[in-house]
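The structure under discussion appears below in the form of structure tokens.
In the working numbering, the protein residues as written are 36 to 265.
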């Protein structure tokens, strides 16, 4: 866990999540996004990927948008009138960083980890999270600062075969970080890439990459990651 990586954290960009809360069991928003995401693309809005947590009743729509006002137009036009929608929260993904992972992982699941920190430790906790290495079973895929309400300061997405293997990783590498006060894990039921390779490449700025990869290699691996675990 201590070698093989080279980190680039230049040119940060803010992305947005629209967290759409729906009636439990409803797939209306998920189905709508997969059918209509091309209609949501404009010069100022690029849909990147979407995830769904059935247990939480949340569909998360991740976009690259010019600003929150631009995203609000998409929300008003496409989501607010869907009958099963109960609530929508918009969250800024500040300083997003993506981790390259080995291709063609099998029997893998995606998890979202919400991390609470002491305010005085925001920066140091975030920095240590960007330096996380994979284990033989568990792979960080992306992280961002959210400072979202009372339950999440930093968002971390990981791939792991099971909740138990994920918890082992978190207990060893995340919980001991000084300043971390609480960790909450959600299971991602499905995720889907929405951006083209060109759109993805244009959008991502900070990347954590394998030291041995060429620039094209890391673009391919980070791009492929979004559909891992679907």
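Each residue gets a CB set at the ideal place from its N, CA and C atoms; glycine is no exception. Being a predicted model, the structure only gives us computed values, none of them experimental.
Endpoints, beta strand (DSSP E) assigned at residue i
i           : result
residue 159 : No beta strand (DSSP E) holds residue 159; the alpha helix (DSSP H) holding it covers 157 to 165.
residue 130 : 120 to 134
residue 228 : 225 to 228
residue 145 : 144 to 152
residue 190 : 187 to 195
residue 140 : Premise fails: residue 140 is in no beta strand (DSSP E) and is neither H nor E.
residue 175 : 174 to 183
Residue range of the unbroken alpha helix (DSSP H) whose run includes residue i
i           : result
residue 354 : The structure shown does not extend to residue 354, since the chain is modelled only from 36 to 265, so the question has no answer here.
residue 206 : 198 to 208
Residue i and residue j closer than 7 angstroms at C-beta
i           : j           : result
residue 98  : residue 80  : yes
residue 151 : residue 212 : no
residue 132 : residue 165 : yes
residue 222 : residue 146 : yes
residue 201 : residue 176 : no
residue 167 : residue 179 : no
residue 143 : residue 123 : no
Exposed unless 16 or more other CB atoms sit within 10 angstroms - verdict on residue i
i           : result
residue 265 : With a pLDDT of only 37 at residue 265, under the threshold of 50, the placement of this residue in the model should not be trusted; the figure read from the coordinates follows. By the 10 Å Cβ count, residue 265 comes out exposed.
residue 101 : exposed
residue 50  : buried
residue 137 : exposed
residue 241 : Because the pLDDT of residue 241 is 43, which lies under 50, any placement of that residue in the model is unreliable, and the question is left without a value.
residue 198 : exposed
Which parts of the stretch 55 to 107 are runs of the alpha helix (DSSP H), unbroken and 4 residues or longer, counting only runs that do not cross its ends?
-> Within the stretch 55 to 107, the alpha helix (DSSP H) runs of at least 4 residues that lie entirely inside it are, in chain order, 63 to 75.
Any chance the stretch 127 to 134 sits against the stretch 69 to 89, with 3 or more Cβ pairs inside 8 angstroms?
-> Verdict: no, contact absent.
Is the stretch 59 to 75 touching the stretch 202 to 214, taking contact as three or more C-beta pairs under 8 angstroms?
-> Output reads no: the stretch 202 to 214 does not touch the stretch 59 to 75.
Assess, as a yes-or-no matter, whether the stretch 111 to 125 is touched by the stretch 51 to 68 under the definition of 3 or more beta carbon pairs within less than 8 angstroms.
-> Yes, since at least three Cβ pairs between the stretch 51 to 68 and the stretch 111 to 125 fall closer than 8 angstroms, the two stretches touch.
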